[in-house]
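Structure, as structure tokens:
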Amino acid sequence: MDRLLALPRRAIAPGVVAVILAGCAPEPATSEGAQVKMLYDIFLLIAAIVFVVVAGLIGWSILRYRARDDDGREPSQNHENIPLELLWWAIPTILVIVLFILTAQVLGRVDERTDDPALTVEVTGFQWQWQFAYTGSDVVLTGLPGEPPVVVVPVGERIAFNLESPDVIHSFWVPKFLIKRDVIPGRTNRIEVTIEEEGTYSGLCGEFCGLLHANMRFSIDAVSPERFEAWLAAGGRGTP
Numbered sequence: 109m110d111r112l113l114a115l116p117r118r119a120i121a122p123g124v125v126a127v128i129l130a131g132c133a134p135e136p137a138t139s140e141g142a143q144v145k146m147l148y149d150i151f152l153l154i155a156a157i158v159f160v161v162v163a164g165l166i167g168w169s170i171l172r173y174r175a176r177d178d179d180g181r182e183p184s185q186n187h188e189n190i191p192l193e194l195l196w197w198a199i200p201t202i203l204v205i206v207l208f209i210l211t212a213q214v215l216g217r218v219d220e221r222t223d224d225p226a227l228t229v230e231v232t233g234f235q236w237q238w239q240f241a242y243t244g245s246d247v248v249l250t251g252l253p254g255e256p257p258v259v260v261v262p263v264g265e266r267i268a269f270n271l272e273s274p275d276v277i278h279s280f281w282v283p284k285f286l287i288k289r290d291v292i293p294g295r296t297n298r299i300e301v302t303i304e305e306e307g308t309y310s311g312l313c314g315e316f317c318g319l320l321h322a323n324m325r326f327s328i329d330a331v332s333p334e335r336f337e338a339w340l341a342a343g344g345r346g347t348p
């Protein structure tokens, strides 16, 4: 009996752990990442609620409808319950539709392209480093073995990264942005972000691209617009 009563608690525990672990997700550094984080939280919350309800009903059914004697008699059987069957069809269907709509809205906003971003950076991912060329200036940053590039950008302004590759597929990924984009040969992909806080954010290639894949690192140094303009006017030299 005690083992049966412990079953629902054991089943619910993973759901509680999942909700707690949601707080371990990195805080997004961009406004676009904040929208993705909100979507993640909604998915996790709904999944946790569904899990707890289903696990609770399973545990309740085990306790409520178990055999009460030793003669092998089965409890009464119900072969159909149309209202209940319609209910458990309608609930997941509505949830899927709602989550699909929310996902489409967030992806639409995250993938939206600005006609005239404050800054455009041409990014080339190659085996096995990165090159960043600032449109409208002569500043070009190219990573070297053991010396990953430090990309300086302004906070609070829309920044567009145009992504290209001359060799294999790479992936432009800054974990704090909560968004990444593949860098595909023969195609120009684009990612636009608005960084909300000053700081240094580590970036890397998120797609295995060969022997020295692990060396494809870079960092984003987000500074105030005034410091960025001074750094750019100095030809990208020195510390902003």
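Mapping of the sequence shown onto the working numbering: position 187 corresponds to residue 295, and the numbering continues sequentially without gaps. We put the CB at the ideal spot given by N, CA and C, even for glycine.
Can you give the Cα-Cα distance for Pro-348 and Leu-227, rounded to whole angstroms?
16 Å
Start and end residues, alpha helix (DSSP H) containing Leu-195
190-218
If contacts are defined as beta-carbon pairs under 8 Å, then Val-282 and Tyr-242 qualify, I think. What distance do you get, rounded to the angstrom?
No, Val-282 and Tyr-242 are not in contact; Cβ-Cβ is about 17 Å, not under 8 Å.
Give me the Cα-Cα distance between Ala-114 and Val-204, rounded to the nearest whole angstrom.
In this prediction, Ala-114 scores a pLDDT of 48, lower than 50, which makes its location untrustworthy; no coordinate-derived value is stated.
Range of the contiguous alpha helix (DSSP H) that encloses Ala-338:
333-341
Answer yes or no: the CB of Thr-296 versus the heavy atoms of the ligand PLP, is any distance below 8 Å?
No copy of the ligand PLP appears in this structure; indeed no ligand is present at all.
Does the beta-carbon of Thr-201 have 16 or more other beta-carbons within 10 angstroms, so that it is buried, or is it exposed?
Exposed, since its Cβ has fewer than 16 Cβ neighbours within 10 Å.
For Val-258, the nearest candidate out of Glu-135, Leu-312 and Ile-190 (CA to CA):
Leu-312
Does the beta-carbon distance from Val-276 to Gln-237 come in below 9 Å?
no
Please state whether DSSP places Asp-290 in a helix, a strand or coil.
DSSP places Asp-290 in strand when its eight states are reduced to three.
On the DSSP letters alone, give me the boundaries of the beta strand (DSSP E) that Gln-237 sits inside.
237-242
At least 3 beta-carbon pairs within less than 8 Å: the segment 212-224 vs the segment 156-165:
no
Outcome for Phe-269 when other beta-carbon atoms lying within 10 angstroms are tallied against a minimum of 16:
buried
Does Pro-262 pass the burial test, meaning 16 or more other C-beta atoms within 10 Å, or should it be called exposed?
Buried: at least 16 other Cβ atoms inside 10 Å.
Collapsed DSSP secondary structure at Ala-297 in the structure displayed:
In the sequence as displayed, the identity of residue 297 is Asn instead of Ala. Correct three-state label for Asn-297: strand.
Starting from Tyr-309 and walking both ways along the beta strand (DSSP E), at which residues does that stretch end?
Element bounds for Tyr-309: 307-313.
Please go through the same chain and pick out, in chain order, the residues whose beta-carbon is closer than 8 Å to the beta-carbon of Met-146, but skip the five residues on each side of it.
Val-214
For the putative contact between Val-291 and Gly-233, defined by C-beta atoms under 8 Å, what is the C-beta separation to the nearest angstrom?
4 Å
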